[in-house]
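Here's the structure, in structure tokens; my notes come after.
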Amino acid sequence: MTADTGSLNSQGLAAREYAKGIAFVGENFKPAAEATVSVFDHSFLYGDGAFESIVFRHGRFFAFDAHIDRLVDSCRYIKLDLPVDKAQLLDIAHELVKRNNLQHGFLRIVVSRGEGYPLSDPRKTHAPLIVATVQGQPPNKKTAGGVRLIIASTRRTSPESLDPRAKLNNYGNHIMAKLEAIGAGVDDAVMLDRNANVAELPGCNIFTVSRGIVSTPGAGNILLGITRETVLRIVRDGTIQGVASVHEGALSPLDLYAADEIFVTGTGTGVAFVSEIDGRKVGSGQVGPITGQVMAAYDRLIEHGDNAGA
Ligand code: PMP
Numbered sequence: 000m001t002a003d004t005g006s007l008n009s010q011g012l013a014a015r016e017y018a019k020g021i022a023f024v025g026e027n028f029k030p031a032a033e034a035t036v037s038v039f040d041h042s043f044l045y046g047d048g049a050f051e052s053i054v055f056r057h058g059r060f061f062a063f064d065a066h067i068d069r070l071v072d073s074c075r076y077i078k079l080d081l082p083v084d085k086a087q088l089l090d091i092a093h094e095l096v097k098r099n100n101l102q103h104g105f106l107r108i109v110v111s112r113g114e115g116y117p118l119s120d121p122r123k124t125h126a127p128l129i130v131a132t133v134q135g136q137p138p139n140k141k142t143a144g145g146v147r148l149i150i151a152s153t154r155r156t157s158p159e160s161l162d163p164r165a166k167l168n169n170y171g172n173h174i175m176a177k178l179e180a181i182g183a184g185v186d187d188a189v190m191l192d193r194n195a196n197v198a199e200l201p202g203c204n205i206f207t208v209s210r211g212i213v214s215t216p217g218a219g220n221i222l223l224g225i226t227r228e229t230v231l232r233i234v235r236d237g238t239i240q241g242v243a244s245v246h247e248g249a250l251s252p253l254d255l256y257a258a259d260e261i262f263v264t265g266t267g268t269g270v271a272f273v274s275e276i277d278g279r280k281v282g283s284g285q286v287g288p289i290t291g292q293v294m295a296a297y298d299r300l301i302e303h304g305d306n307a308g309a
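Quick note: the sequence shown uses numbering that gives the first Met the number 0, first residue 0, plus one each step.
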């Protein structure tokens, strides 16, 4: 089972770098390699739960409150009673970072409906389960030369099915879009919404810059990323040179193909520039002038923290 068969899930499993250290499961801290979740857990069986990823630098979490507010909203949306409050989650998070002896990294909190009879009926479960893990590095930091994208045929979940603002544990269509990118030999994929406008990537929001106008898809068909909000604040605060205006609203594939600059945003990725989309070079194929300033400003914010108390 561990031989390299060339299958999708054969990479990097031997070292299990991600499983070193300590995890929090239920009510206990345990070695991550030994931490387990029930085979009857409803997030495992049905994706019935919610999650967050939060970046920390120098032991300080970035935008902890905003992430936990989103987690609370996601849980309320699916009628899952979060068994801890924000202060308790912060205690768990700090303790986890301390026990893992990490200064910089990423915290992941997963909330599951919990263990129960294997039927997709939430009343069959006993009690919600909280799992938290930390990683020192993001899993996919090979974007130095720019991110190469395709537009996927897989669409973003429409709000009639599930509100995309909820960050839930089922990413089936995101994985389908990612498979399209892998098949095309590029880094990632843009999912369109049900009206064929641009929505987002499987794990990132997307921005364009055209003649100084910074644009990003508006609320409705996307996860309202916390990095997206932070970048909107940065481009609106008047410190980025060359920004004519900022626009949240519909973007079409043509807007991507014609853009001077494109960048993507997310907790794991930070701000990364896009060098190519559907075989078209974006600008010069290098970091554009506005994207470069946004990347630097975002890094400064993460480094020095807002929400420093958290
Ligand atoms: N969109 C999707 C679908 C995501 O899963 C994520 C985060 N993983 C993002 C956008 C970015 O959100 P944030 O900036 O809050 O990490």
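Beta carbons: idealized from backbone N, C-alpha and C, even for Gly.
- Per DSSP, the beta-bridge partners of Arg-147 are Glu-275.
- Of the other Cβ atoms in all chains shown, 16 or more fall within 10 Å of the Cβ of Lys-166; this residue is therefore buried.
- Looking at the backbone, the Cα of Ile-289 and that of Asp-236 are separated by about 14 Å.
- Contact between Ala-92 and Leu-70 fails: their C-beta atoms lie close to 12 Å from each other, not under 8 Å.
- According to DSSP, residue pairing for Val-245 in a beta bridge involves Val-213.
- Secondary-structure assignment with DSSP links Phe-262 through a beta bridge to Phe-206 and Phe-272.
- Residue pairing for Pro-30: DSSP places it in a beta bridge opposite Ile-21.
- Residue environment: Ala-198 is assigned as buried (16 or more neighbouring CB atoms within 10 Å of its CB, all protein chains considered).
- Between ligand 1 and Asn-204, a heavy atom-to-CB distance of less than 7 Å is present.
- As DSSP reads the structure, Glu-159 sits in no beta bridge.
- The alpha helix (DSSP H) runs lying completely inside the stretch 52-83 and spanning 4 residues or more are 63-76, given in chain order.
- Judged by DSSP secondary structure, Ser-152 falls outside any alpha helix (DSSP H); it is assigned neither H nor E.
- Fully contained in the stretch 167-207 are the following alpha helix (DSSP H) runs of length 4 or more, in chain order: 171-183.
- Around Ile-301, the same chain offers Val-54, Arg-56, Phe-61 and Gly-269 as residues with beta carbons nearer than 8 Å, after the five sequence neighbours per side are excluded.
- When rounded, the separation of the alpha-carbon atoms in Glu-26 and Tyr-170 is 26 Å.
- Scanning Gly-145, Val-293 and Tyr-256 for the CA closest to the CA of Thr-229 turns up Val-293.
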